[in-house]
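Trainee: Below: one structure in structure tokens.
Numbering (the working numbering), first residue to last: 30 to 263.
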């Protein structure tokens with residue numbers, strides 16, 4: 030299959046379906062809203078004794094919930110269903126192991142420029158490198174859900190991207206904008222610490238919630254593309 034496969038990459042139609050699925054699952058919307066609110070407000074209590082425990086709980090909850098939410102929407106696309114307990118049992122451990130395999134080498138490689146040019150300052154080399162790897166890994170996690178196996182998902186995902194790079198450009202740009210927005214908010218909160226805290230918290234909430242929803246929509250689109258591509262290949 031080549032980049033000219035319009036049936037597999039009808040992104041507009043797939044995006045509309047993604048919005049339809051997300052809108053019909055208000056529990057997920059409320060949960061993402063809660064995480065976004067926590068992400069925006071917890072830093073306001075940096076001097077509190079509860080800051081570190083609350084931050085830890087939020088991070089763990091985000092990490093554990095992500096594969097379950099992805100699994101829920103994958104099964105909706107696939108026409109199957111499972112309980113949250115079953116989704117957690119099926120996806121959490123393999124998903125986290127896949128993330129480790131994806132980003133541990135990425136962090137090491139992205140850190141090299143910062144180490145080599147340390148005398149000139151880090152210059153955001155690590156962050157830029159991780160964004161680049163996020164784009165390279167565009168199809169990896171959807172490949173994992175589609176096959177049900179993490180083994181080979183990285184190779185399959187990267188291979189699919191390289192073979193369909195042009196058709197994937199809108200999605201790559203979406204990921205780039207998403208990651209850049211989160212990075213800018215992070216640096217803004219660090220640079221403007223103690224200034225306009227409520228305004229920054231509001232911006233943080235909006236960006237985090239938007240990024241979460243767009244990320245979920247992109248996942249749904251990617252799964253549809255891969256399913257259609259598999260059907261086309263068959």
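For every residue, glycine included, the Cβ atom is placed at its ideal position computed from N, Cα and C.
As the structure is a computational prediction, the values presented were derived from the model and not from experiment.
Looking only at its own chain, which residues have a Cβ that is under 7 Å from the Cβ of residue 207, when we skip the five neighbours before and after it?
Mentor: Answer for residue 207: 240, 243, 244, listed in chain order.
Trainee: Which one of 140, 246, 213, 102 has the shortest CA to CA distance from residue 232?
Mentor: 213
Trainee: Does the distance from the CB of residue 102 to the CB of residue 171 come in under 8 Å?
Mentor: no
Trainee: Can you confirm whether residue 172, when its beta carbon is compared against all beta carbons of chain C, has any partner nearer than 8 Å?
Mentor: Protein chains in the displayed structure number just one, and chain C is not present.
Trainee: Would you mind giving the Cβ-Cβ distance between residue 50 and residue 105, rounded to the nearest angstrom? I have them listed as a contact below 8 Å.
Mentor: 6 Å
Trainee: For residue 197 and residue 167, I'd like the C-alpha separation in whole angstroms.
Mentor: 9 Å
Trainee: Rounded to whole angstroms, what is the Cα-Cα separation between residue 140 and residue 161?
Mentor: 13 Å
Trainee: From the DSSP output, in three-state form, read off residue 166 for me.
Mentor: coil
Trainee: Taking its Cβ as the centre, do 16 or more other Cβ atoms sit within 10 Å of residue 182, making it buried, or is it exposed?
Mentor: buried
Trainee: So what does DSSP say about residue 76, is it helix, strand or coil?
Mentor: Three-state result, residue 76: coil.
Trainee: Exposed or buried, residue 68, counting other C-beta atoms within 10 Å across all chains shown (16 or more means buried)?
Mentor: buried
Trainee: Distance, Cα to Cα, residue 90 vs residue 228?
Mentor: The alpha-carbon atoms of residue 90 and residue 228 are separated by roughly 25 Å.
Trainee: Report the rounded CA-to-CA distance for residue 58 versus residue 52, giving the unit in angstroms.
Mentor: 8 Å
Trainee: So the alpha helix (DSSP H) residue 38 belongs to, where does it begin and stop?
Mentor: Residue 38 -> no alpha helix (DSSP H), and no H or E assigned at all.
Trainee: If you draw a straight line from the alpha carbon of residue 61 to that of residue 238, how long is it in whole angstroms?
Mentor: 7 Å
Trainee: Just to check my reading of the structure: residue 199 and residue 40 have Cβ atoms closer than 8 Å, yes? What is that Cβ distance to the nearest angstrom?
Mentor: 6 Å
Trainee: Would you grab the beta carbon distance between residue 210 and residue 47 for me? Rounded to a whole angstrom, and I think it's under 8 Å.
Mentor: Residue 210 to residue 47, Cβ: 19 Å. No contact.
Trainee: Tell me the residue span of the alpha helix (DSSP H) that contains residue 53.
Mentor: Looking at the DSSP string, residue 53 is not in any alpha helix (DSSP H), and its letter there is neither H nor E.
Trainee: Per DSSP, what kind of secondary structure is residue 104 in: helix, strand or coil?
Mentor: Here residue 104 sits in helix by DSSP.
Trainee: Helix, strand or coil for residue 193? Go by DSSP, reduced to three states.
Mentor: coil
Trainee: So residue 226 packs on residue 64, CB below 8 Å; how close in whole Å?
Mentor: The pair is not a contact, with the Cβ atoms about 20 Å apart (cut-off 8 Å).
Trainee: Within 10 Å of its beta-carbon, does residue 216 have 16 or more other beta-carbons around it, so buried, or fewer, so exposed?
Mentor: exposed
Trainee: Quick one: Cα of residue 119 to Cα of residue 127, how far?
Mentor: 13 Å
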